[in-house]
Amino acid sequence: KNEVEQSPQNLTAQEGEFITINCSYSVGISALHWLQQHPGGGIVSLFMLSSGKKKHGRLIATINIQEKHSSLHITASHPRDSAVYICAVDQTGANNLFFGTGTRLTVIP
Amino acid sequence: DTEVTQTPKHLVMGMTNKKSLKCEQHMGHRAMYWYKQKAKKPPELMFVYSYEKLSINESVPSRFSPECPNSSLLNLHLHALQPEDSALYLCASSWGGPADTQYFGPGTRLTVL
Numbered sequence: 004k005n006e007v008e009q010s011p012q013n014l015t016a017q018e019g020e021f022i023t024i025n026c027s028y029s030v031g032i033s034a035l036h037w038l039q040q041h042p043g044g045g046i047v048s049l050f051m052l053s054s055g056k057k058k059h060g061r062l063i064a065t066i067n068i069q070e071k072h073s074s075l076h077i078t079a080s081h082p083r084d085s086a087v088y089i090c091a092v093d094q095t096g097a098n099n100l101f102f103g104t105g106t107r108l109t110v111i112p
Numbered sequence: 119d120t121e122v123t124q125t126p127k128h129l130v131m132g133m134t135n136k137k138s139l140k141c142e143q144h145m146g147h148r149a150m151y152w153y154k155q156k157a158k159k160p161p162e163l164m165f166v167y168s169y170e171k172l173s174i175n176e177s178v179p180s181r182f183s184p185e186c187p188n189s190s191l192l193n194l195h196l197h198a199l200q201p202e203d204s205a206l207y208l209c210a211s212s213w214g215g216p217a218d219t220q221y222f223g224p225g226t227r228l229t230v231l
């Protein structure tokens with residue numbers, strides 16, 4: 004069983020649409036990370052959350068610690084948002100990151 | 119400077135070759151990581167160095183040998199690899215442990231023939 008589950012696995016959206024990617028985890032965590040990986044490999048850290056909500060430009064990340072759930076929202080999606088979005092959690096006391104399997108987002112012009 | 123650099127970008131090697139991957143950061147981070155990523159899979163942690171000491175080795179085969187010469191540099195020495203070791207190898211660094219934001223390098227795409 005994966006400690007981190009993401010949904011959906013694949014998502015296709017029209018440009019301008021509001022997008023939500025979900026992440027559920029089963030362990031106690033110190034922090035949750037949202038990462039973006041473009042084709043070609045480079046990974047960019049988007050957010051690190053331990054509670055509440057963070058916003059950066061068109062991206063919003065929320066976390067509900069009690070429900071062990073986080074969401075990543077993209078407003079006014081654009082083709083350049085096309086990438087794989089990965090949720091990762093730092094399990095309390097484990098000194099390790101557990102990764103979800105990623106959500107492949109394609110935004111069509 | 120918020121960049122993690124990795125060299126080479128691409129590497130093709132035979133099963134009897136010895137090669138090394140290099141990673142460098144100048145952000146003053148005290149933790150550095152090696153990840154292996156197969157196609158369409160999430161990264162898998164291989165090694166963590168914290169304050170230049172190996173703190174986690176996720177039971178990686180001995181044909182992979184990490185080295186941290188100083189706090190800015192991380193090497194991964196490769197010897198007698200198998201074709202199934204072909205993957206993208208990612209380096210990352212963070213100020214403290216995995217709970218801190220990790221900065222990733224662009225990766226080295228390794229092909230073992």
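Here the protein sequences line up with chains A and B, keeping their order. FYI, this note's numbering numbers position 7 of the first sequence as 10, with every residue one higher than the one before it. FYI, this note's numbering numbers position 25 of the second sequence as 143, with every residue one higher than the one before it. Note that beta-carbon positions come from the ideal geometry of N, C-alpha and C, so glycine has one too.
Residue-level contact to chain A via CB, residue i, 8 Å cutoff
i	result
B:G225	yes
B:Y221	yes
B:A217	yes
B:P161	yes
B:L206	yes
Reduced DSSP category for residue i - H, G, I as helix; E, B as strand; rest coil
i	result
B:D218	coil
A:P82	helix
B:P201	helix
A:A97	coil
A:I68	coil
B:K127	coil
B:L231	coil
B:N175	strand
B:R148	coil
A:K57	strand
B:A157	coil
A:R127	Here chain A covers residues 4 to 112 and nothing more, so residue 127 of chain A does not appear.
A:N5	coil
Residues near residue i by beta carbon distance below 6 Å, same chain, minus five either side
i	result
A:V87	Q40, G105 and R107
B:L206	Q155, G225 and R227
B:T125	K140
Supposed close pair residue i, residue j - CB separation, criterion 8 Å
i	j	result
A:I24	A:Q9	7 Å
A:K71	A:S29	7 Å
B:Y221	B:M150	The Cβ separation is near 10 Å, so there is no contact.
B:P179	B:L192	Not confirmed; about 18 Å, so no contact.
Cβ-based neighbour list, residue i, same chain, cut-off 8 Å, excluding 5 preceding and 5 following
i	result
A:P82	E18, V110, I111 and P112
B:R181	L196, H197, A198, L199, Q200 and D203
A:E6	Y28, S29, V30, V92, Q94 and F101
A:N67	S73
A:A16	I22, S80, L108, T109, V110 and I111
Within-8 Å CB hit, residue i to chain B
i	result
A:N99	yes
A:A86	no
A:F102	yes
A:G55	no
A:S33	yes
A:I46	yes
A:G105	yes
A:I89	yes
Chain-order list of residues whose beta-carbon lies under 7 Å from that of residue i (same chain, five-residue window excluded)
i	result
B:K137	L129, M131 and L196
A:D84	I77, L108 and V110
B:V230	M131, M133, L199, Q200, P201, D203 and S204
Determine, using beta-carbon pairs with one atom in the segment 203 to 214 of chain B and one in the segment 134 to 148 of chain B, whether at least three such pairs fall under 8 Å.
yes
Pairs of beta-carbons, one from the segment 193 to 206 of chain B and one from the segment 125 to 135 of chain B, closer than 8 Å: are there three or more?
yes
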